[in-house]
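Presented below is the structure to which this report refers.
Residue numbers (the working numbering), protein chains in the order written: chain B, 33 to 333; chain V, 209 to 610.
See below:
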């Protein structure tokens with residue numbers, strides 16, 4: 033198994049006719065992912081073609097889901113329209129909406145998140161690299177790639193990875209792959225202050241997933257999501273967890289690239305989070321080069 | 209995006225939040241005219257306008273003490289303003305280099321109300337995002353005029369919070385809860401409910417990231433006034449608020465950060481001597497961390513984004529080299545989808561164009577990395593290759609500390 037998505041998960045892409053959406057739809061198709069529909073309002077009836085594969089484009093998410101059986105959406109819609117795109121997935125009862133878009137107004141996300149309460153659709157992101165469940169082919173071909181992560185760095189295996197950051201996730205995944213440790217699923221939850229799925233949400237899924245045997249959790253300064261996850265891990269998690277927190281050198285009050293990465297109070301600092309990781313039995317990576325090894329130390333001894 | 213106090217108060221006034229009357233100017237020639245528009249029966253306040261807190265306790269580099277001063281007379285107000293305008297104010301939040309004061313804000317001085325124990329009758333009020341619940345939260349306290357973090361630490365029972373359900377907005381009972389918690393009665397109770405309601409309306413309609421009023425004051429005449437105002441806006445929402453964008457003061461921003469943003473680069477200057485150039489915010493932060501871990505000191509945060517084109521890399525090198533403290537550069541790129549060889553060519557071109565003389569360590573990983581490393585090696589330039597982040601960080605620290 034894996035979490036959230038499997039190799040045969042049927043994917044639709046909102047914003048498939050834009051440069052960014054089209055580029056990554058092509059890369060997902062090249063990776064062997066099941067991209068079955070595109071959605072661009074007003075371009076329904078057109079076809080997105082790549083390497084001989086024809087992907088029908090629909091005007092609405094509901095129509096795309098009904099016609100193609102897509103259950104998951106990758107959202108590449110520009111920021112002013114992205115919250116609307118998320119809510120359209122909720123309306124269509126999709127399992128999962130993955131918002132890659134960076135720069136969505138916080139107020140739009142506050143409202144969208146409130147509107148999603150009690151609905152079946154889960155949101156990953158926004159401002160995230162998406163998620164990958166690696167395939168079993170060469171260089172993990174045949175996996176489910178939703179978003180912008182490089183597929184080939186993955187290998188199918190037993191480690192779950194959750195992170196706010198894109199390139200830091202790739203770093204961890206590549207370290208694992210180079211040590212012959214594959215991944216069950218890698219989830220980038222995004223760097224915004226209001227997001228759909230938290231570290232803890234993903235940790236709980238990994239904890240229940242029979243294929244996942246060990247977990248890497250990557251966090252950063254700002255907010256208390258990593259602390260909340262660490263405390264839950266101490267009390268409930270059955271699997272070894274390694275962790276890393278970025279931003280030890282970040283000055284207070286300055287936002288470090290991600291909208292959410294800003295030290296507001298004394299609880300938000302890297303040092304405070306790392307201390308709590310230690311207290312909760314998480315194997316802490318001293319540097320970002322040490323993430324896979326930190327896991328192997330606690331997992332394989 | 210941050211704005212000045214005088215701009216924030218003008219917006220408050222638009223939304224019906226009571227503020228002391230005031231006038232701002234960038235020119236000393238207008239001082240007298242500004243002061244003539246203000247009722248000075250209780251005296252005047254002269255306030256330096258910079259985007260940093262701690263102004264009252266700050267000191268100017270010319271020796272003048274206080275970025276916010278009371279003046280009993282118009283003459284004294286003029287004198288204070290002359291001492292402030294055009295001079296550099298150093299506060300706890302500006303860093304040692306301070307900020308040049310380019311705007312002076314004159315306001316009427318309020319007649320501070322007193323509590324039975326003799327203290328000024330000052331409160332605290334703020335609205336911001338509560339990240340734990342993804343809802344706006346209004347924070348209020350009976351202890352105004354001091355650092356709210358200290359109050360929260362020492363006397364948490366004096367901090368009151370109301371979270372607003374975004375589906376329905378702020379409810380009247382919530383504004384009443386806060387006004388009761390702050391101990392207001394009668395006319396002041398009504399004023400408080402009104403002020404909280406209007407301030408929330410401003411926060412929500414204008415996509416503010418944070419609104420802080422410290423202190424919120426009761427005057428001897430029984431009026432509730434926002435004596436100070438600190439407002440920042442959500443950068444992501446500026447596209448729908450051209451009136452807010454018009455308030456941007458580029459003088460208050462780092463010129464290198466502005467230059468960087470033109471190339472889609474996110475740059476923040478720090479105090480160290482090892483510059484870094486990285487793709488991705490999380491990786492950029494942790495590159496700074498690993499430099500420090502191995503005994504070095506990072507000179508900046510620089511995220512070139514997911515792309516990292518040759519133009520961007522060249523622009524990034526120029527910005528980095530504009531910092532005289534920089535003694536070496538670490539480039540750390542995880543080219544997941546981009547071709548590492550394209551990035552390597554960009555680095556070589558940038559080094560040649562900028563005539564770089566400082567030590568440079570490059571750590572490339574990802575797609576077509578072998579070709580990228582070959583390009584660096586055959587460039588004829590002294591570029592040191594790092595195999596991992598740890599290896600690269602150790603190498604640049606060693607080169608810089610040599």
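The beta-carbon is built from N, C-alpha and C at its ideal position, and this holds for glycine as well. Remember, predicted model here, so these are calculated numbers, not experimental data.
Self-check item: Residue burial classification, residue 589 (chain V) (beta-carbon count within 10 angstroms, cutoff 16)
Solution: Burial call: exposed.
Self-check item: 7 Å Cβ cutoff, residue 546 (chain V) in contact with chain B
Solution: Output row for residue 546 (chain V): interface = no.
Self-check item: alpha helix (DSSP H) runs wholly inside the stretch 70 to 131 of chain B, at least 4 long, in chain order
Solution: The stretch 70 to 131 of chain B contains these whole alpha helix (DSSP H) runs: 93 to 100, 111 to 123.
Practice problem: Mind listing, in chain order, the continuous beta strand (DSSP E) runs of no fewer than 3 residues lying wholly within the stretch 207 to 253 of chain B? | Solution: Taken in chain order, the complete beta strand (DSSP E) segments of 3 residues or longer contained in the stretch 207 to 253 of chain B are 215 to 220, 246 to 252.
Practice problem: Consult DSSP for residue 529 (chain V) and reduce its assignment to one of helix, strand or coil. | Solution: DSSP, reduced to helix, strand and coil, places residue 529 (chain V) within a helical segment of the structure shown.
Exercise. Report, in whole angstroms, the separation of the C-beta atoms of residue 508 (chain V) and residue 476 (chain V), which I expect to be a contact under 8 Å.
Key: Between residue 476 (chain V) and residue 508 (chain V) the Cβ distance is about 6 Å, and since that is below 8 Å, they are a contact.
Quiz prompt | Status (buried if at least 16 other CB within 10 Å, exposed otherwise) for residue 242 (chain V) | solution = Burial call: buried.
Practice problem: Under the assumption that residue 518 (chain V) contacts residue 557 (chain V) (Cβ atoms under 8 Å), give the Cβ distance between them as a whole number of angstroms. | Solution: With 8 Å as the limit, residue 518 (chain V) and residue 557 (chain V) qualify as a contact, their Cβ atoms being about 6 Å apart.
Self-check item: 7 Å Cβ cutoff, residue 288 (chain B) in contact with chain V
Solution: Interface residue, yes.
Exercise. Give me the Cα-Cα distance between residue 390 (chain V) and residue 406 (chain V), rounded to the nearest whole angstrom.
Key: Distance between the alpha carbons of residue 390 (chain V) and residue 406 (chain V): 17 Å.
Practice problem: Please state whether DSSP places residue 280 (chain B) in a helix, a strand or coil. | Solution: If DSSP states are grouped into helix, strand and coil, residue 280 (chain B) belongs with coil.
Quiz item: What's the call for residue 363 (chain V), buried or exposed, on a 16-neighbour Cβ count within 10 Å?
Solution: Residue 363 (chain V) comes out exposed.
Quiz item: Exposed or buried, what is residue 210 (chain B) when buried is set at 16 or more other beta-carbons lying within 10 Å of its beta-carbon?
Solution: Its Cβ having fewer than 16 others within 10 Å, residue 210 (chain B) is exposed.
Quiz item: Distance, Cα to Cα, residue 178 (chain B) vs residue 299 (chain V)?
Solution: Cα to Cα, the separation comes out at about 48 Å.
Quiz prompt | Coarse secondary structure for residue 323 (chain B), derived from DSSP in three states | solution = Helix at residue 323 (chain B).
Practice problem: Could you tell me whether any Cβ in chain B is nearer than 7 Å to the Cβ of residue 472 (chain V)? | Solution: No, no contact with chain B.
Quiz item: Listing by chain order, which chain V residues have their CB less than 9 Å from the CB of residue 202 (chain B)?
Solution: Per Cβ cutoff of 9 Å: 488, 491, 542, 544, 573, 574.
Practice problem: Count the other CB atoms, across all protein chains shown, that sit within 10 Å of the CB of residue 202 (chain B); report buried if there are 16 or more and exposed otherwise. | Solution: By the neighbour-count criterion, in which a residue is buried when 16 or more other Cβ atoms sit within 10 angstroms of its Cβ, residue 202 (chain B) is buried.
Quiz item: Are the beta-carbon atoms belonging to residue 464 (chain V) and residue 527 (chain V) less than 7 Å from one another?
Solution: Cβ distance < 7 Å, so residue 464 (chain V) and residue 527 (chain V) count as in contact.
Exercise. Could you tell me the distance, in whole angstroms, from the CA atom of residue 301 (chain V) to the CA atom of residue 261 (chain V)?
Key: Near 6 Å, if we compare the C-alpha coordinates of residue 261 (chain V) and residue 301 (chain V).
Practice problem: Count the C-beta pairs between the stretch 304 to 313 of chain B and the stretch 223 to 236 of chain V that are closer than 8 Å, then say yes if the count reaches three, no if not. | Solution: Look at the beta carbons and you see the stretch 304 to 313 of chain B not touching the stretch 223 to 236 of chain V: under three pairs across the two are nearer than 8 Å.
Practice problem: Taking residue 207 (chain B) and residue 323 (chain B) to be in contact with their CB atoms under 8 Å, please state how far apart those CB atoms are, rounded to whole angstroms. | Solution: Yes, residue 207 (chain B) and residue 323 (chain B) are in contact; Cβ-Cβ is about 6 Å, under 8 Å.
Self-check item: Unbroken stretches of the alpha helix (DSSP H), 4 residues or longer, contained in the stretch 425 to 476 of chain V
Solution: With a minimum length of 4 residues, the continuous alpha helix (DSSP H) runs that stay inside the stretch 425 to 476 of chain V are 450 to 453, 463 to 470.
Quiz prompt | Range covered by the beta strand (DSSP E) that runs through residue 42 (chain B) | solution = Unbroken beta strand (DSSP E) run through residue 42 (chain B): 42 to 46.
Quiz item: In this structure, what does DSSP give as the bridge partners for residue 418 (chain V)?
Solution: Residue 418 (chain V) is bridged to V:336, V:440.
Quiz item: Between the stretch 313 to 346 of chain V and chain B, which residues of the former have CB atoms less than 9 Å from a CB of the latter, in chain order?
Solution: Within the stretch 313 to 346 of chain V, those residues whose Cβ lies closer than 9 Å to any Cβ of chain B are, in chain order, 336, 337, 339, 340, 342, 343, 344.
Quiz item: Cβ of residue 493 (chain V) within 7 Å of Cβ of residue 249 (chain B)?
Solution: No, they are not a contact pair.
Quiz prompt | Members of the stretch 195 to 223 of chain B that neighbour chain V once the beta carbon cut-off is set at 9 Å | solution = Within the stretch 195 to 223 of chain B, the residues whose Cβ lies closer than 9 Å to some Cβ of chain V are 195, 196, 197, 198, 199, 200, 201, 202, 203, 206, 207, 223, listed in chain order.
Quiz item: Is the shortest distance between the beta-carbon of residue 451 (chain V) and the beta-carbons of chain B less than 7 Å?
Solution: No, because no Cβ of chain B sits closer than 7 Å to the Cβ of residue 451 (chain V).
Quiz item: Is it the case that the Cβ atoms of residue 536 (chain V) and residue 604 (chain V) are separated by a distance below 7 Å?
Solution: Cβ atoms of residue 536 (chain V) and residue 604 (chain V): closer than 7 Å.
Quiz item: Does the stretch 476 to 488 of chain V come close enough to the stretch 135 to 153 of chain B to have 3 or more Cβ pairs within less than 8 Å?
Solution: The stretch 476 to 488 of chain V, when compared against the stretch 135 to 153 of chain B, does not touch it at the 8 Å Cβ threshold.
Quiz item: Would you call the CB atoms of residue 490 (chain V) and residue 506 (chain V) closer than 7 Å?
Solution: At the C-beta level, residue 490 (chain V) and residue 506 (chain V) stay beyond 7 Å of one another.
Practice problem: Check each candidate in B:34, B:255, B:304, B:45 and name the one with the smallest Cα separation from residue 341 (chain V). | Solution: Of the residues B:34, B:255, B:304, B:45, the one whose Cα lies closest to the Cα of residue 341 (chain V) is B:255.
Quiz item: Would you say residue 308 (chain B) and residue 234 (chain B) are within 7 Å of each other, going by their C-beta atoms?
Solution: At least 7 Å separates the beta-carbon of residue 308 (chain B) from that of residue 234 (chain B).
Quiz item: Which ranges would you report for the alpha helix (DSSP H) in the stretch 530 to 575 of chain V if only whole runs of at least 4 residues count?
Solution: The qualifying runs are 548 to 562.
Quiz item: Among V:267, V:314, V:293, which one has its Cα closest to the Cα of residue 279 (chain V)?
Solution: The option with the nearest alpha carbon to residue 279 (chain V) is V:314.
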